[in-house]
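>
Written out as structure tokens, the structure is:
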């Protein structure tokens, strides 16, 4: 599981970028909605800045969660079932 977590995390971030998340939010839908609002209000910069922040929050949050999971699984001491495995500390 530890070996596949980075690749799985990357695929998850790519899915956020390329496809709909829960069929509600995607890059194309954000852009289309933002373009509609910007056309009606003539506030292009503010609208697309908000869209960029939403997109950043989506990807940043997922990346941080996956990094936290990777760190938890990469601890020096971890348990698997009833056995306790200890790895050597490479910092010594």
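In my numbering, the protein residues as written are -10 to 81.
Here a beta-carbon is modelled for each residue, glycine too, at the ideal position from N, C-alpha and C.
For residue 54 and residue 28, I'd like the C-alpha separation in whole angstroms.
36 Å
> Assuming residue 36 and residue 2 form a contact by the criterion Cβ under 8 Å, report the distance between their Cβ atoms to the nearest whole angstrom.
The Cβ separation is near 24 Å, so there is no contact.
> In this structure, how does DSSP classify residue 4 when only helix, strand and coil are distinguished?
helix
> Give the DSSP-derived three-state secondary structure of residue 79 in the structure shown.
A caution first: residue 79 carries a pLDDT of 49, below 50, which makes its placement in the model unreliable, though a value can still be read off. In the structure shown, residue 79 sits in coil (DSSP, three-state: anything other than H, G, I, E or B).
> Just how far apart, CA to CA, sit residue 0 and residue -6?
10 Å
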